[in-house]
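Asks:
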Amino acid sequence: MVPFQTVERSRFKDMTKTLDLRYKPPSHKYFTETEMPKLYGQLRERVENDLRELKYYATTTDLWSSRTMAPYISLTIHYITDEWKLASRCLQTSYFPDDHTGEAIAEGLKDALESWGLREPRHWLITETPTRSGSRQQMIERVLEQEKAISQDIDVWESVNKPLSPLMEFTDALSGEEYVSVSYLRPVLHLLNNTVLAHSEDDTDLTKHMKMAILQYLNDKYSDPATTDLLDMASFADPRFKDSYIADDRKDYIKARATAEIQALLGMQAEYTAAAGGAVKREAKKVKRMWHTLQRNIFAFSTGGNIVTCHRSALKPETVDKLAFLANNL
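For the sequence shown, this note's numbering puts the final residue at 331, and the numbers step up evenly by one.
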């Protein structure tokens with residue numbers, strides 16, 4: 002993305018003169034004060050129309066700092082359209098100077114939802130993803146390719162790369178925007194615990210420590226009862242997995258819960274008219290909705306990084322918000 006001021010630079014003017022001597026490009030002030038607000042207003046109205054009749058949705062958020070260390074928070078909404086397609090919209094990239102406490106973030110998200118006329122979800126799952134973890138592994142891998150030119154720390158890099166490298170495949174699989182990935186989590190956790198991050202005889206002490214730390218973090222993160230039920234139900238509903246990755250002492254409970262939910266839906270069968278069919282569809286959307294990953298937020302802040310460049314580090318927060326909204330939703 003290039004700054005609006007580009008239209009007033011001598012090289013750009015020379016290029017336009019070469020193409021057409023009669024053409025005079027608008028000033029950067031025109032784009033800043035007229036065209037960009039107009040385009041933002043039109044796109045925001047279109048997005049608001051898409052969300053107006055929305056009954057079920059999920060949201061994800063992430064925090065980011067610009068080149069000038071100005072803090073921002075994103076809000077991305079995920080939902081299923083009437084055509085049963087997964088859709089995402091990056092709604093805001095807002096200036097967030099408050100302390101990054103749970104209470105402050107919750108209040109900021111509540112204000113963001115209210116500004117878009119969205120009801121707060123009844124249930125939510127908070128996730129935290131270290132930014133650019135994949136890039137770190139790729140940098141380590143590239144250094145290892147240059148092993149002959151490096152005389153120190155190779156053993157350390159190899160120990161770090163060993164547990165990180167196989168995680169890349171899982172990261173890519175769980176980062177899709179056009180399919181629901183929550184049903185993968187239980188099988189992936191099983192595979193990480195029993196195969197991918199299992200101890201091997203040739204592991205160094207550092208590799209063992211990293212594997213243990215990764216597994217402890219993941220297992221603790223998904224250990225609370227509500228999340229455990231969610232992952233087991235999602236895995237059970239996926240015909241590829243069924244109850245293969247559910248603990249034996251939980252299988253009867255999950256089957257009973259799934260049966261109860263199905264029976265509740267079948268209870269509508271007596272009124273299965275066109276209206277009832279719509280009710281079933283709405284319930285299915287509610288059950289299926291949008292467990293997208295944070296990947297979309299990472300893309301949003303990649304866009305933000307392209308907007309708040311070294312040449313545009315003094316942009317006002319409201320301008321950053323509008324430019325990021327346009328870049329992510331046009």
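Beta carbons are placed, not taken as given, at the ideal position from N, Cα and C, and that holds for glycine. Computed from a prediction, not measured in an experiment: that's the story for all the values here.
1. Report the start-end ranges of each alpha helix (DSSP H) in the stretch 40-64 that is 4 residues or longer and not cut off at the edges.
2. Going by CA-CA distance only, name the one from Gln-138, Ser-28, Pro-38 that's closest to Pro-167.
3. I'd like the list of long-range same chain contacts for Thr-320, defined as Cβ closer than 7 Å, with 5 residues on each side in sequence excluded.
4. Ser-236 lies in the alpha helix (DSSP H); which residues open and close that run?
5. Any idea what DSSP makes of Glu-79, helix, strand or coil?
6. Thinking C-beta only, is Leu-52 closer than 9 Å to Gly-118?
7. Can you give me the C-alpha to C-alpha distance between Asn-194 and Leu-216, rounded to a whole angstrom?
8. Could you name each continuous beta strand (DSSP E) segment of 3 residues or more that falls completely within the stretch 149-189, going from the start of the chain to the end?
9. Do Lys-163 and Thr-196 count as a contact pair if the criterion is CB distance below 9 Å?
10. Can you list, in chain order, the residues of its chain whose CB lies under 7 Å from that of Lys-30, leaving out five sequence neighbours each side?
11. Leaving out five residues before and five after Ser-236 in sequence, what residues of the same chain have Cβ atoms less than 6 Å from its Cβ?
12. Roughly how many angstroms separate the alpha carbons of Val-3 and Arg-68, rounded to a whole number?
13. Please work out which residues of its chain come closer than 6 Å, Cβ to Cβ, to Ala-275, disregarding the five sequence neighbours upstream and downstream, and give them in chain order.
14. Which stretch, first to last residue, makes up the alpha helix (DSSP H) that contains Gln-264?
15. Below 7 Å CB to CB, which residues in the same chain sit around Gln-6 once its five sequence neighbours on both sides are set aside?
16. In angstroms with no decimal places, state the Cα-to-Cα distance between Tyr-175 and Leu-165.
17. Is the beta carbon of Ala-259 sitting closer than 9 Å to the one on Ala-227?
18. Going by DSSP, name the residue or residues bridged to Thr-94.
19. According to the Cβ coordinates, are Val-189 and Leu-87 closer than 9 Å?
20. Report the option in Phe-32, Phe-13, Glu-34, Leu-40 whose CA atom is closest to the CA atom of Tyr-24.
21. From Met-70 to Pro-98, what does the alpha carbon distance come to, in whole angstroms?
22. Check whether the Cβ atoms of Leu-55 and Leu-76 sit closer than 9 Å, and answer yes or no.
Replies: The answer reads as follows:
1. none
2. Gln-138
3. none
4. From DSSP, the alpha helix (DSSP H) with Ser-236 extends over 226-238.
5. Checking the sequence shown, residue 79 turns out to be His, not Glu. In the structure shown, His-79 sits in a strand (DSSP, three-state: E or B).
6. yes
7. 7 Å
8. List check, beta strand (DSSP E) in window: nothing returned.
9. no
10. none
11. Ser-184, Arg-187, Phe-242, Tyr-246
12. 16 Å
13. Because the pLDDT of Ala-275 is 49, which lies under 50, any placement of that residue in the model is unreliable, and the question is left without a value.
14. Unbroken alpha helix (DSSP H) run through Gln-264: 249-267.
15. His-29
16. This sequence places Leu at residue 175; Tyr is not what is there. So the alpha carbons of these two residues sit roughly 16 Å apart.
17. no
18. Ser-75
19. Pairing Val-189 with Leu-87 gives a Cβ-Cβ distance that is not under 9 Å.
20. Phe-13
21. 10 Å
22. no
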